[in-house]
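Asks: Residue numbers (our numbering), protein chains in the order written: chain A, 1 to 255; chain B, 256 to 510; chain C, 511 to 765; chain D, 766 to 1020.
Starting off with a structure, shown below.
Protein chains: 4
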Amino acid sequence: MKNTFIKYKKGVKLKSPILIVGLPGIGAVGKLVATQMIKEFKGKRIATLYSSHLPPRVIMLKNGKVRLVSNRFYLLKTKTKNDIVILTGEDQAVTPEGQYTVNNEIVRFFKSELKGKEIITVGGYNISGNYTDSPRVLGNASSDKVIKEFKKAGVVFGESRGTIFGAAGLIVAFSKMQKLDSICIMGESSLIDMDPNAAKAVLKVLSKKFSLNIDMKKIDSMIEATAKMIKELESQMSSNAALPPESKENSSYIR
Amino acid sequence: MKNTFIKYKKGVKLKSPILIVGLPGIGAVGKLVATQMIKEFKGKRIATLYSSHLPPRVIMLKNGKVRLVSNRFYLLKTKTKNDIVILTGEDQAVTPEGQYTVNNEIVRFFKSELKGKEIITVGGYNISGNYTDSPRVLGNASSDKVIKEFKKAGVVFGESRGTIFGAAGLIVAFSKMQKLDSICIMGESSLIDMDPNAAKAVLKVLSKKFSLNIDMKKIDSMIEATAKMIKELESQMSSNAALPPESKENSSYIR
Amino acid sequence: MKNTFIKYKKGVKLKSPILIVGLPGIGAVGKLVATQMIKEFKGKRIATLYSSHLPPRVIMLKNGKVRLVSNRFYLLKTKTKNDIVILTGEDQAVTPEGQYTVNNEIVRFFKSELKGKEIITVGGYNISGNYTDSPRVLGNASSDKVIKEFKKAGVVFGESRGTIFGAAGLIVAFSKMQKLDSICIMGESSLIDMDPNAAKAVLKVLSKKFSLNIDMKKIDSMIEATAKMIKELESQMSSNAALPPESKENSSYIR
Amino acid sequence: MKNTFIKYKKGVKLKSPILIVGLPGIGAVGKLVATQMIKEFKGKRIATLYSSHLPPRVIMLKNGKVRLVSNRFYLLKTKTKNDIVILTGEDQAVTPEGQYTVNNEIVRFFKSELKGKEIITVGGYNISGNYTDSPRVLGNASSDKVIKEFKKAGVVFGESRGTIFGAAGLIVAFSKMQKLDSICIMGESSLIDMDPNAAKAVLKVLSKKFSLNIDMKKIDSMIEATAKMIKELESQMSSNAALPPESKENSSYIR
C-alpha cells in the first residue's frame, strides 16, 4: 500500500471547482462548517484520501461495519458558477512529515485531477478572554487578488498574528507554490472544543461570497445550547466566588 | 533486514483457515482469548512476524535464552471444517506508519500465503461505570454476510460507538480492501488492565460459532480472583467513605 | 516535493563568504544576534531552506499573506573582506533524523553552492544561578586554527562542558567532516526565554572579529527592559519571603 | 550522508575478537564496565559508528573542540587468546526503527568486517527494594553452549524475568539470527542512575571468564562513595520518620 493515496471515481465532471477544507482544529470551526454545508447542499462523496500518516484507527458505523479514518471530498449540489467541493475528515496527519505529504497530495490532486481553481481552508482563530457572540472572520491568502475578493465578503486581513498549524495553513502555502489561488479564513474563537458562533460567522462569509442561501437553523440551535451552557458555568463560577476559600478549593475536585 | 517480514515454515498445509487475532489492548481481552485457545487446543507455531515497528526489546526466557518481541501464528488442533489459526504477541507497532505496515502485512500474508478465508480480531470495548459480570460481545464487520453469521453466535451489532484503535480495527478495514471477510468482536469491559469476564464472553461466542468445546475452568478461576479483588477494593473505598474528609485525603498517598 | 531543499537565486556572487547561524535555542541568543545583524546591515534574502522536518505551520504576515516556516539566508551589506551571510528562521527540525538531514544540507549548500569559507553558529550556554550582566562567550571549534583566531576576539575555550543540542552543534561537527572551518560561540545565559545580555556579548565578539561597527542601542534597550523586569520579579519574591509560610504557599496558586 | 555507518581504520588485524558492549542503561552498569576496561587495558579506538538515529547533539571537549555523539569500538591491550573489543558511547538510538537499524549494523560489522567470534552485552537488572552490596550477575544467551560457558564464570541463568530494552537485548537476538554466539549479562541493581556495585560484579565475571587481572581500586572507591551517600539518605529518611505526619509532608517539598 502506498503511504498516501486518493481513491477517485473517475467519471465525475466538475465545473472549475472551488475546494473548501474543513478539518478538525481550533473550536472545531472547520469541521462544523464542512458538516453543515455537506448536509445543507446534499454533498455526494467523489473521492477519499487514505494515509498511513493518519492515526491508525477505524470508525465503528451504526450499520455494524467499519470505516478507515480518512479525508473525504464531497461535491455539493449548488447552482453556483463554480462547483463547490468540501474536504473533511476525522483527523489530520500526526507527524510533520505526514502533514507535508498529505497536504501536498491534497493540493496536487485538486489542481491536477479535479482541475480546481481555488482552495479555501477554514479554521478557528484563538482569541483569549470571554466568549464573543460577534466573532470576526480573519483571513490570510496567497495573493492580493484573493485578499481583494474576500474583503468584499467581509473577511478582515492583516489583523491575524502568529502561526497557523496543520492543514489550514500548509494547504495555502502549498497552493501558492503550485500557483493556485488560496486563502485560510478563521472565525475568532475563545472556545477550544467547539464554537458554533465562529462557524456561523464563516458560513455567512461563504454564503455572501458564493451567493448561497445557507439555512442557519441548525447552527443557531447549537449557538443557543452553547450560550446556555456557558451562562450556567459562569453562574457556577460566580457563586463559587462568593464561597469562602476552602469551599472553592474543594470545587476543583469536580473537574 | 527488511523492516517487516514473516518467517514461515512452508511445508504446512491448511484447510481454508480462519484467523483469530488476539493482541494486547483494552482489558487484555484479545490476549487472554488467544492464550486460552492456544493452550486448550495445543496450538503449534507455524509463522512469526518480526518488525522494526515493534518496541525494540527481547523477552528473557526461562531456559536462559532470549526471544525478539514478535507476533506469532499458531495452528490449533481442532476438528473444525476450517483450520483455526491464532495470532498473538507481546506488542503492537508503535507509530501510525508501523500500524499500517504491520497490519497490512498480516492481512496480505494470511490471504496470499495461507489462503485464509476469514479474519476475526478480538478486543475489549470500554464501558464506563461498574465492573459487569455479564458483558455483551459487540461486533463490527466487513460485510452484511459476516454480520448475519455472527448475530447467530450472539454478537450484538450497531451498538458500538467511536473508534477501534490499532490492529483490531485496521485488520478489519484492510481485509475489506483486500476482499476478505472480517470482523472485530469486543467484550464489554470496565477494567483497563485485565478483564477475564469479557474474555469469557468472547470465548463463548467463538465456541458457539465454531462448535468448539472450550474448557472454562482456567478463565473462571481468573474471574473469581478478579471479583474477589474488586470486592476488597470496594470495601476499602466504602470504609474510607465513612472516614472524615482529612483521612480520605491521606489515603490518596497510598496509591 | 523533496523532503528538504534550498531555493537559491543563482545570480548572486559572493566573496568567500562567512556564514553566521542564529536559530531558536537557549536564551534566544542565536535568533537575537541574527535579527540584529540583518537589521543593522540591511540583509537581503538570497536563499530559503524548506523541509518537511520543520514543524508543519505557516506564519501569518501583516500584509494578509502567509509564509511557510523556513530557514533563510541573508547577505549583509558590510565592507568586510569576506561577505557575511546570516542564516535564521522560526524553527529547527523536530526529529533526530530531521536534524541530521537539515543541518547536513545547510553545510553542503554553503560549501558547494556558495563556496563558503567558514561557519559560525551562535547559541546560549546555560549557567545556573542569578542573571549575569557580564556574560562570557564560550566556544567550541572544528580546529586549533579556528580556536586561535577566536581567542583574539575574546572567546573563551575549554570551559564549556556537556553537549550542544541541535543546529548550533551539528553544523560544527558536519563542517569538520566536510573539512570546512567552523565554530560554535555561546553567550552565557541564565534566562531560558530571551537573554539580550548574552546576545550583546556575542555581538561584541563578532564586531571585533570582523571589524564591524554594530550599533548596540536596540539591544541595550532590551537589556534595560529585561533588567527592570528581573528586579521587579526579585522584589516580589523577596516581599513574599517576608510573609509567613502559609501565604507563600498560596502565592503559588497565582502561577 | 547514509543514516548509519561505521568509520573503520582498515589496517587493524584482530585475533578472533570478542565484543563487549557497554552502553548507557539501567544503573549505568554497561557504561561503567566499558569505561573501566578501556582505562585498565589502554583501549585504542579502531572504529566509530555514526547514526542519524542517535540524539542530534555534540560533545564539548576540554580541548575546545567538538565530537558528534557516536558509538565507538576500542581494542584492548590484553594477553588473551581472543582479542577483546569494547563498544561504548554516549547514547543509544531514539526510535524503534533506529534501535533495529543501529544494532543490526553493529552485529553485521563485527561479524563481517572484524571476523568476530562472540558478543557480550552488559546491562543492569532492576531489582526492587534495598541497595544490595552483593548483587548477582544474571544472564540470557543465544545458545546452550554459551550458557554452559558463562555458568562456569558465575553467571546465573533462568532467574531473569521480563524484557531487556535496547542494545543489550537486541544485539543478542540479532547475533542469534546471524549465527553468532552472544550473551547479555546483567548486574542486579536497585539504583537507577549509577550502580558501581553491579558493575563490579560484572567485572568479576569478565575477569574470571577471560583470566584478566582487573584492578578494582577505582570501582571500589566509587562503591564506597555510593554506600556513604545511601547511608546519609537513609538516616535523613529515618529521622523524618520520627517526625509527626505534618512535617513529613513538608519534607516532600525538598525533592
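Note that the Cβ used here is the ideal one computed from N, Cα and C, for glycine as well.
Since we're looking at a predicted model, the values are computed, not measured.
In angstroms with no decimal places, state the Cα-to-Cα distance between V357(B) and M432(B).
Replies: Each residue's alpha carbon lies about 15 Å from the other.
Asks: Going by beta-carbon coordinates alone, are G442(B) and V284(B) separated by less than 7 Å?
Replies: Closer than 7 Å, so yes.
Asks: Examine the Cβ distances between the stretch 55-67 of chain A and the stretch 360-368 of chain B and report whether three or more of them are shorter than 8 Å.
Replies: Contact fails: fewer than three Cβ-Cβ distances are below 8 Å.
Asks: Consult DSSP for S493(B) and reduce its assignment to one of helix, strand or coil.
Replies: S493(B) falls in the helix class under three-state DSSP.
Asks: Does K668(C) have its Cβ less than 7 Å from a Cβ in chain D?
Replies: Looking at the sequence shown, residue 668(C) is not Lys but Gly. Cβ-Cβ to chain D under 7 Å: yes for G668(C).
Asks: Closer than 7 Å between beta carbons: that is the criterion. Which residues of the stretch 258-289 of chain B meet it against chain A?
Replies: Residues: none.
Asks: Which same chain residues end up closer than 7 Å to F412(B) when comparing Cβ atoms and leaving out the 5 residues on each side of it in sequence?
Replies: Hits under 7 Å: G394, I402 and K406.
Asks: So for Y610(C), helix, strand or coil by DSSP?
Replies: Residue state, collapsed to three classes: helix.
Asks: Check distances from the C-beta atoms of the stretch 46-77 of chain A to those of chain B and list, in chain order, the residues that come in under 8 Å.
Replies: Cβ contacts with chain B come from S52, H53, L54, P55, P56, R57, V58, I59, M60, L61, K62, N63, G64, K65, V66, R67, L68 and V69.
Asks: Could you check how far apart the C-beta atoms of S955(D) and S947(D) are, in whole angstroms? I think they sit under 8 Å.
Replies: Not quite, the Cβ-Cβ distance comes to about 27 Å (not below 8 Å), so this is no contact.
Asks: According to DSSP, is R582(C) part of a helix, a strand, or is it coil?
Replies: Of the three classes helix, strand and coil, the one that applies to R582(C) here is strand, per DSSP.
Asks: Beta-carbon within less than 7 Å of R1020(D)'s beta-carbon, same chain only, minus the 5 sequence neighbours each way: which residues are those?
Replies: Any reading at R1020(D) needs caution, since the residue's pLDDT is 26, under 50, leaving its predicted position unreliable; the model's value is listed next. Contacts found: none.
Asks: Assign K738(C) to one of two classes, buried (16 or more other C-beta atoms within 10 Å of its C-beta) or exposed (fewer than that).
Replies: Label assigned to K738(C): exposed.
Asks: State the Cα-Cα distance for the pair K262(B) and L529(C), rounded to the nearest angstrom.
Replies: C-alpha separation (whole angstroms): 52 Å.
Asks: If the cut-off is 7 Å on Cβ atoms, which residues from the stretch 339-358 of chain B count as contacting chain D, listed in chain order?
Replies: From the stretch 339-358 of chain B, only V349 have a Cβ closer than 7 Å to chain D.
Asks: Under 7 Å between beta-carbons, which chain A residues line up against V427(B)? List them in chain order, please.
Replies: Residues of chain A passing the Cβ test: V58 and V66.
Asks: Could you pull the DSSP bridge partners for M449(B) from this structure?
Replies: Answer is none; M449(B) lacks a bridge partner.
Asks: Roughly how many angstroms separate the alpha carbons of L968(D) and G790(D), rounded to a whole number?
Replies: So the alpha carbons of these two residues sit roughly 16 Å apart.
Asks: How long is the line joining the alpha carbons of L269(B) and D338(B), rounded to whole angstroms?
Replies: Going from the Cα of L269(B) to the Cα of D338(B) covers about 6 Å.
Asks: For I485(B) and M477(B), what's the separation of their Cα atoms in angstroms?
Replies: Computed Cα separation, rounded: 12 Å.
Asks: Which partner residues does Y386(B) have in the DSSP bridge list?
Replies: None; Y386(B) has no bridge partner.
Asks: Report the rounded CA-to-CA distance for L680(C) versus K117(A), giving the unit in angstroms.
Replies: Each residue's Cα considered, the two are about 43 Å apart.
Asks: Starting from the Cα of E368(B), find the closest Cα among I301(B), F465(B) and S493(B) and give me that residue.
Replies: Looking at the Cα atoms, I301(B) is the closest of the given residues.
Asks: Report yes if the C-beta distance between T598(C) and G672(C) is below 7 Å; otherwise report no.
Replies: Cβ distance not < 7 Å, so T598(C) and G672(C) don't count as in contact.
Asks: K370(B): buried (16+ other C-beta within 10 angstroms of its C-beta) or exposed?
Replies: When all chains shown are included, K370(B) counts as exposed.
Asks: Quick one: Cα of Y1028(D) to Cα of K982(D), how far?
Replies: As shown, chain D starts at 766 and ends at 1020. That puts residue 1028(D) outside it, with no answer to give.
Asks: Return the bridge partner residues of D436(B) from the DSSP annotation.
Replies: Answer is E373(B), bridged to D436(B).
Asks: Take the Cβ of D470(B) as the centre, count every other Cβ of all protein chains shown within 10 Å, and call the residue buried at 16 or more, exposed below.
Replies: Exposed.
Asks: Do you know offhand how far E600(C)'s Cα is from I674(C)'s?
Replies: E600(C) and I674(C): Cα-Cα distance of roughly 19 Å.
Asks: Which residues mark the beginning and the end of the alpha helix (DSSP H) in which L287(B) is found?
Replies: Unbroken alpha helix (DSSP H) run through L287(B): V284 to E295.
Asks: Between the beta-carbon of G553(C) and the beta-carbon of Y584(C), is there less than 7 Å?
Replies: Yes. Within cutoff.
Asks: At the level of alpha carbons, what is the spacing between N836(D) and K111(A)?
Replies: Their Cα atoms are separated by approximately 48 Å.
Asks: Is the separation between the beta-carbon of P645(C) and that of A735(C) shorter than 7 Å?
Replies: Result no, Cβ atoms of P645(C) and A735(C) do not sit closer than 7 Å.
Asks: Mind checking if T928(D) is an interface residue toward chain G, Cβ cutoff 7 Å exclusive?
Replies: Among the protein chains in the structure shown, which are A, B, C and D, there is no chain G.
Asks: Is there a Cβ from chain A that is less than 7 Å from the Cβ of I402(B)?
Replies: Yes, I402(B) counts as interfacial toward chain A.
Asks: Can you tell me which of A677(C), P565(C), M704(C) and K689(C) puts its alpha carbon nearest to the alpha carbon of I695(C)?
Replies: Residue A677(C) is the option with its Cα nearest to I695(C).
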